[in-house]
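Asker: Sending over a structure as structure tokens; questions will come in a sec.
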Amino acid sequence: MKLYKKEGNALQILSFPNETVEKGDYLLVEDAEAGRGLIVQVIDAQFASIPGVLEELLRSLPDGGELIQGEDVDPLEIAPHITYIQDASLLICKIRASIENENLSPTSSWLPSRSQSTIKKLPLPALLKLAKIDGKLPIVLGGTKDSSLLAIDASSLDGRLNIITGKKETGKSHLSKLLMVNLIGYKATVVVFDLNGEYLSLGMTGDGKRNAYYDKIHVLTPSQNFKLALKQLNLHVLLGILVHALHLPGTSAREFRRIWQALKERDALTLHELGETIRNWNCNQHVRDALFSRYHALVNSGFFTDNVAEATLLEDCLLKAKEEGSGIIINLRNTSAIDRQIVVEYVLGKLVDSLTSWKLKAVFLFAEEAHLYLRETYWDDIVTRMRHFGIFTTFITNQPDTIRENIYRQADNIFLFNFTNEHDLDVVSRAARVDAETVRSIARDLPPHHCLVLGRVVRDFPMVAKVKALDVKTMGETRLFFKDSN
Amino acid sequence: MHSLKPVQTQPFQLNQQNFQQINGFEESTQAFRLRLEPIPLKPIRQESIVAAVDTSTIKIGETSQGIVIAVRGADVWKQNRAYRYVRLGPFVFHITDENKKEVYDALERSYFNYSQEHNHQGAPNFLQMPSRIASLLERWIQTMLSKTMNKGLILFDGSLTSGTPDTPTQRLKDILSTARRRGNIVLAFSKMTNLRVNGHVITDLLPRAAPPYLLETEGLRLKPPMVLLGDVYVARLTTGNCAFRLDIDKEVLPEIRIEATEKLLGNDLLSQSYPETLRLAHILCTFTANEVLAMQHFVTRRYGLQIVNRPDMHRLLFGPFGKGESYS
Numbered sequence: 021m022k023l024y025k026k027e028g029n030a031l032q033i034l035s036f037p038n039e040t041v042e043k044g045d046y047l048l049v050e051d052a053e054a055g056r057g058l059i060v061q062v063i064d065a066q067f068a069s070i071p072g073v074l075e076e077l078l079r080s081l082p083d084g085g086e087l088i089q090g091e092d093v094d095p096l097e098i099a100p101h102i103t104y105i106q107d108a109s110l111l112i113c114k115i116r117a118s119i120e121n122e123n124l125s126p127t128s129s130w131l132p133s134r135s136q137s138t139i140k141k142l143p144l145p146a147l148l149k150l151a152k153i154d155g156k157l158p159i160v161l162g163g164t165k166d167s168s169l170l171a172i173d174a175s176s177l178d179g180r181l182n183i184i185t186g187k188k189e190t191g192k193s194h195l196s197k198l199l200m201v202n203l204i205g206y207k208a209t210v211v212v213f214d215l216n217g218e219y220l221s222l223g224m225t226g227d228g229k230r231n232a233y234y235d236k237i238h239v240l241t242p243s244q245n246f247k248l249a250l251k252q253l254n255l256h257v258l259l260g261i262l263v264h265a266l267h268l269p270g271t272s273a274r275e276f277r278r279i280w281q282a283l284k285e286r287d288a289l290t291l292h293e294l295g296e297t298i299r300n301w302n303c304n305q306h307v308r309d310a311l312f313s314r315y316h317a318l319v320n321s322g323f324f325t326d327n328v329a330e331a332t333l334l335e336d337c338l339l340k341a342k343e344e345g346s347g348i349i350i351n352l353r354n355t356s357a358i359d360r361q362i363v364v365e366y367v368l369g370k371l372v373d374s375l376t377s378w379k380l381k382a383v384f385l386f387a388e389e390a391h392l393y394l395r396e397t398y399w400d401d402i403v404t405r406m407r408h409f410g411i412f413t414t415f416i417t418n419q420p421d422t423i424r425e426n427i428y429r430q431a432d433n434i435f436l437f438n439f440t441n442e443h444d445l446d447v448v449s450r451a452a453r454v455d456a457e458t459v460r461s462i463a464r465d466l467p468p469h470h471c472l473v474l475g476r477v478v479r480d481f482p483m484v485a486k487v488k489a490l491d492v493k494t495m496g497e498t499r500l501f502f503k504d505s506n
Numbered sequence: 136m137h138s139l140k141p142v143q144t145q146p147f148q149l150n151q152q153n154f155q156q157i158n159g160f161e162e163s164t165q166a167f168r169l170r171l172e173p174i175p176l177k178p179i180r181q182e183s184i185v186a187a188v189d190t191s192t193i194k195i196g197e198t199s200q201g202i203v204i205a206v207r208g209a210d211v212w213k214q215n216r217a218y219r220y221v222r223l224g225p226f227v228f229h230i231t232d233e234n235k236k237e238v239y240d241a242l243e244r245s246y247f248n249y250s251q252e253h254n255h256q257g258a259p260n261f262l263q264m265p266s267r268i269a270s271l272l273e274r275w276i277q278t279m280l281s282k283t284m285n286k287g288l289i290l291f292d293g294s295l296t297s298g299t300p301d302t303p304t305q306r307l308k309d310i311l312s313t314a315r316r317r318g319n320i321v322l323a324f325s326k327m328t329n330l331r332v333n334g335h336v337i338t339d340l341l342p343r344a345a346p347p348y349l350l351e352t353e354g355l356r357l358k359p360p361m362v363l364l365g366d367v368y369v370a371r372l373t374t375g376n377c378a379f380r381l382d383i384d385k386e387v388l389p390e391i392r393i394e395a396t397e398k399l400l401g402n403d404l405l406s407q408s409y410p411e412t413l414r415l416a417h418i419l420c421t422f423t424a425n426e427v428l429a430m431q432h433f434v435t436r437r438y439g440l441q442i443v444n445r446p447d448m449h450r451l452l453f454g455p456f457g458k459g460e461s462y463s
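Residue numbers (our numbering), protein chains in the order written: chain U, 21 to 506; chain E, 136 to 463.
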């Protein structure tokens with residue numbers, strides 16, 4: 021390989037057919053005289069612009085587009101040299117770091133010698149070692165192309181905002197499960213908003229037996245084993261639900277606060293009493309109507325109960341999880357859009373409460389297709405305010421444009437699966453931790469279950485790994501009409 | 136190829152330049168005339184093999200003692216409505232003032248079995264060597280074709296003028312007589328000609344008649360030792376304004392010559408009055424820039440020659456006005 025050109029932080033390297041280099045590979049450009057080197061990543065491979073190639077191709081097809089048959093008597097065997105030159109490729113590389121005495125720095129201002137530099141493939145294990153991508157809490161994501169394992173450190177997810185994205189059936193949920201069970205294994209508290217019931221069997225193996233996480237997985241299904249009694253609720257949590265999930269106007273919210281105080285003084289915080297009090301409350305008719313409609317929404321959700329015995333305290337689950345680590349799966353499958361927002365509003369409010377009062381240290385929140393239940397203002401809350409409380413979110417989506425641009429800009433880690441749609445790639449390439457060309461070029465060619473890992477977890481060295489298999493019972497499969505006939 | 140061995144590991148300069156075959160020995164005389172009555176042609180579809188030969192040469196670099204050149208020849212034929220080819224080469228030579236005679240004699244001996252005593256032409260001068268070596272290869276391929284084909288049409292690139300340094304009269308006579316004996320007709324197409332009538336190039340003097348047709352010439356005399364072994368025609372074989380000088384073996388009867396041209400029309404594709412077989416032969420033997428790079432790669436690898444870029448003096452002295460030699 022030969023160094024050809026440098027433009028900005030892009031390097032062009034001429035590669036010959038006997039040198040097998042592919043997209044995503046790392047190369048070490050070493051200038052022995054300067055005692056320095058550059059670590060570059062191949063983001064694209066093109067045909068080198070060899071003069072005369074067009075003529076060469078044209079003359080092989082002069083007979084109406086069909087190959088002209090013939091024999092070449094080539095006693096000096098020059099033909100292999102022609103093929104060698106013709107098949108030369110130009111590797112478009114991005115400079116990831118410069119290296120001096122085994123120390124890496126993210127600069128690309130230095131220019132190695134074009135004539136003296138040597139270029140060789142940098143195996144991923146060597147790069148992982150150089151970049152110190154290891155740690156005490158390894159999470160093995162899977163295998164790399166050169167048959168080594170890519171392990172990230174669980175602590176690099178701590179306090180971070182992560183995005184897992186890719187088109188359908190590329191392995192996003194699989195990776196999120198992998199991260200989740202590993203975090204639980206390291207005694208972390210993980211809360212999942214499970215939109216399609218995909219995580220319900222996280223505690224079971226593929227053949228339906230209990231796995232190591234069985235006791236640590238708690239599935240809470242609203243209106244079934246996850247119900248609330250009004251008595252257990254704080255007013256501000258309920259007001260959050262009424263205002264944000266059920267869009268109760270401010271005037272009505274003030275009236276509701278008075279009603280709540282009145283009931284609390286009488287120790288009559290039940291659904292029945294709440295309904296009666298609203299009916300008889302001395303207030304404007306419109307306000308009463310507004311309160312009644314929200315009251316009925318709460319009652320119809322089935323999420324609230326007057327029977328304290330059947331109410332489940334999320335807080336209790338969280339406290340149990342605090343010691344040994346556990347996964348709390350909020351099953352939002354078969355839940356209507358309004359009820360989903362009520363539940364999410366409650367869970368987030370409760371998490372903030374618990375974290376503010378230091379009942380909990382931190383929570384890893386996994387949110388699938390969050391645009392379907394997260395209110396507008398929560399997006400900013402999650403990336404700024406809630407992070408300080410200790411809610412570290414991982415968004416999982418196959419529609420990258422449903423996540424706001426500022427989330428991409430602030431994302432610390434992105435786990436990117438295959439995308440072919442230009443628009444989707446455009447959106448993801450806005451992430452601050454990687455250049456747009458890398459995302460566009462590598463993500464487009466990722467095979468299923470292969471993930472481009474970007475960000476802090478890989479010390480900003482984008483790496484591709486085939487996500488390892490997980491022995492967990494698959495749930496949330498698409499229901500098929502022709503399944504039995506196939 | 137042995138000529139390269141003495142210069143192993145020596146510096147070697149890139150300088151790509153095609154050598155043009157010089158064809159400017161002929162001059163028309165007062166007696167030379169062009170008959171403007173066209174001989175109309177009708178394509179004869181009766182199956183005949185059409186074969187064409189062309190060679191090319193290119194300088195691929197310089198050494199301190201000489202030049203490194205490559206030569207390649209192509210033979211293309213159309214049979215059963217399909218084109219096929221045999222390409223010979225590239226052959227790479229290192230030519231110096233010292234070895235030019237040795238190289239040329241060795242090639243001549245191996246191609247034509249001529250002993251040194253029979254070779255009256257002597258070694259060419261240094262600058263003519265590339266085209267002379269290409270010419271040797273071309274005549275050899277033509278000889279082989281004339282010996283192996285039967286009742287076909289053999290297309291030459293150029294004229295049937297002999298007695299020039301690269302075409303001894305006897306050699307061309309031998310080729311033509313061998314071809315005749317096997318029922319082949321040689322048709323030689325010249326892309327360029329200097330033959331003029333009343334100051335006009337003969338291929339520009341086209342009557343208002345529908346092609347395809349031939350125009351006959353008469354009275355062309357060449358200065359000795361040059362001998363014309365063919366009769367010269369102007370061939371306008373398709374619509375459009377292109378016409379070419381066509382030399383046909385003068386030992387062949389005139390009606391057979393016309394018939395041969397009509398067989399060419401019936402058996403080969405013609406574009407802008409030029410036969411496809413000959414066009415393919417030219418295309419297949421021409422060196423592309425990619426091939427030049429490959430041959431430079433070959434001599435560097437096999438013989439350890441170092442490639443050095445000598446500055447282009449035209450560019451150096453005249454900047455953007457220097458349009459002389461240029462390097463890739």
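Ideal Cβ placement from N, Cα and C applies to all residues, glycine included.
Against residue 223 (chain E), what residues of chain U qualify as contacts under a CB-to-CB distance less than 8 Å, listed in chain order?
Answerer: The answer, in chain order, is 93.
Asker: Quick one: is residue 196 (chain E) buried, meaning 16 or more other Cβ sit within 10 Å of its Cβ, or exposed?
Answerer: Buried, because 16 or more other Cβ atoms sit within 10 Å of the Cβ of residue 196 (chain E).
Asker: At a cut of 8 Å, does the segment 273-280 of chain U reach the segment 348-358 of chain U through at least three beta carbon pairs?
Answerer: With the cut-off at 8 Å, the segment 273-280 of chain U and the segment 348-358 of chain U do not touch.
Asker: Is residue 123 (chain U) helix, strand or coil by DSSP?
Answerer: Strand, per DSSP.
Asker: Mind checking if residue 430 (chain E) is an interface residue toward chain U, Cβ cutoff 7 Å exclusive?
Answerer: Chain U contact via Cβ: present.
Asker: Taking the beta carbon of residue 448 (chain E) as the centre, do at least 16 other beta carbons fall within 10 Å, making it buried, or is it exposed?
Answerer: It counts as exposed.
Asker: Let's see if you can read the secondary structure: which residues bound the beta strand (DSSP E) around residue 43 (chain U)?
Answerer: Taken as a continuous stretch (DSSP letters only), residue 43 (chain U) belongs to no beta strand (DSSP E), as it is neither H nor E.
Asker: At which residues does the beta strand (DSSP E) containing residue 59 (chain U) begin and terminate?
Answerer: Run containing residue 59 (chain U): 56-67, per the beta strand (DSSP E) assignment.
Asker: Under three-state DSSP, which class holds residue 116 (chain U)?
Answerer: The answer is strand: DSSP assigns residue 116 (chain U) an E or B state.
Asker: Evaluate contact between the segment 366-384 of chain U and the segment 227-235 of chain U, counting only Cβ atoms and requiring at least three cross-stretch pairs below 8 Å.
Answerer: Not touching, per the Cβ criterion.
Asker: Measure the C-alpha to C-alpha separation of residue 206 (chain E) and residue 416 (chain E) and round it to an integer number of angstroms.
Answerer: Residue 206 (chain E) and residue 416 (chain E): Cα-Cα distance of roughly 14 Å.
Asker: Thinking residue 403 (chain U) and residue 433 (chain U) are a contact (beta carbons under 8 Å), I'd like their distance in whole angstroms, please.
Answerer: Between residue 433 (chain U) and residue 403 (chain U) the Cβ distance is about 13 Å, and since that is not below 8 Å, they are no contact.
Asker: Using a Cβ-Cβ distance under 7 Å, would residue 33 (chain U) count as near chain E?
Answerer: For residue 33 (chain U), the answer is no, since every Cβ of chain E falls outside 7 Å of its Cβ.
Asker: Cα separation between residue 382 (chain E) and residue 321 (chain E)?
Answerer: Cα to Cα, residue 382 (chain E) sits roughly 8 Å from residue 321 (chain E).
Asker: Taking only beta-carbon atoms, is residue 479 (chain U) less than 7 Å away from chain E?
Answerer: False, the Cβ-Cβ gap to chain E never drops below 7 Å.
Asker: With 16 other CB atoms within 10 Å as the buried threshold, where does residue 213 (chain E) fall?
Answerer: When all chains shown are included, residue 213 (chain E) counts as buried.
Asker: Around the C-beta of residue 327 (chain E), are 16 or more other C-beta atoms found within 10 angstroms, so that it is buried, or is it exposed?
Answerer: Under this definition residue 327 (chain E) is an exposed residue.
Asker: Closer than 9 Å, Cβ to any Cβ of chain E: which residues of the segment 99-126 of chain U, in chain order?
Answerer: Cβ contacts with chain E come from 99, 100, 101, 102, 103, 104, 105 and 106.
Asker: Any chance you could list the alpha helix (DSSP H) runs of at least 4 consecutive residues sitting entirely within the segment 218-273 of chain E, in chain order?
Answerer: Fully enclosed alpha helix (DSSP H) runs of 4 or longer: 235-247.
Asker: Can you check whether the CB of residue 200 (chain U) is closer than 7 Å to the CB of residue 210 (chain U)?
Answerer: The answer is yes: Cβ separation under 7 Å.
Asker: Does any residue of chain U bring its CB to less than 7 Å from the CB of residue 409 (chain E)?
Answerer: Not one chain U Cβ lies under 7 Å of residue 409 (chain E).
Asker: Counting only beta-carbon atoms, is residue 466 (chain E) nearer than 7 Å to chain U?
Answerer: Since the first and last residues shown for chain E are 136 and 463, residue 466 (chain E) lies out of range.
Asker: Using a Cβ-Cβ distance under 7 Å, would residue 179 (chain U) count as near chain E?
Answerer: Closer than 7 Å: no.
Asker: From residue 378 (chain U) to residue 371 (chain U), what does the alpha carbon distance come to, in whole angstroms?
Answerer: Using only the alpha carbons, I get a separation of about 10 Å.
Asker: Would residue 274 (chain E) pass as an interface residue toward chain U - the criterion being a Cβ-Cβ separation below 7 Å?
Answerer: So no, residue 274 (chain E) is outside the interface.
Asker: If contact means a Cβ-Cβ distance below 9 Å, which residues of the segment 53-80 of chain U contact chain E?
Answerer: Flagged, chain order: 70, 71, 72, 73, 74, 75, 76, 78 and 79.
Asker: When you compare the CB of residue 253 (chain E) with every CB in chain U, is at least one pair closer than 7 Å?
Answerer: With a pLDDT of 49 at residue 253 (chain E), under the threshold of 50, the modelled position of this residue cannot be trusted; read the value that follows with caution. Chain U contact via Cβ: absent.
Asker: Verify the CB distance criterion: does residue 423 (chain E) have a CB-CB separation below 7 Å to chain U?
Answerer: By this cut-off, residue 423 (chain E) is an interface position.
Asker: Taking Cβ positions only, does residue 228 (chain E) come closer than 7 Å to chain U?
Answerer: No, because no Cβ of chain U sits closer than 7 Å to the Cβ of residue 228 (chain E).
Asker: Tell me the residue span of the beta strand (DSSP E) that contains residue 456 (chain U).
Answerer: Here residue 456 (chain U) belongs to no beta strand (DSSP E); instead the alpha helix (DSSP H) covers 456-464.
Asker: Assuming residue 190 (chain U) contacts residue 438 (chain U) (C-beta within less than 8 Å), just tell me the rounded distance between them.
Answerer: About 5 Å separates the two Cβ atoms, so the contact holds.
Asker: Against chain U, does residue 291 (chain E) count as a neighbour if the rule is that its beta carbon must be under 7 Å from one of theirs?
Answerer: Chain U, which has no Cβ nearer than 7 Å to the Cβ of residue 291 (chain E), makes this no.
Asker: For residue 237 (chain U), I'd like the list of residues in its chain whose CB is within less than 6 Å of its CB, leaving aside the five on either flank, ordered along the chain.
Answerer: Around residue 237 (chain U): 222, 223 and 347.
Asker: So, helix, strand or coil for residue 481 (chain U), using DSSP?
Answerer: Three-state DSSP puts residue 481 (chain U) in coil, outside helix and strand.
Asker: What are the partner residues of residue 208 (chain E), as DSSP defines its beta bridges?
Answerer: Answer is E:190 and E:223, bridged to residue 208 (chain E).
Asker: List, in chain order, every chain U residue whose beta-carbon is nearer than 7 Å to that of residue 220 (chain E).
Answerer: Within chain U, the residues near residue 220 (chain E) are 88 and 90.
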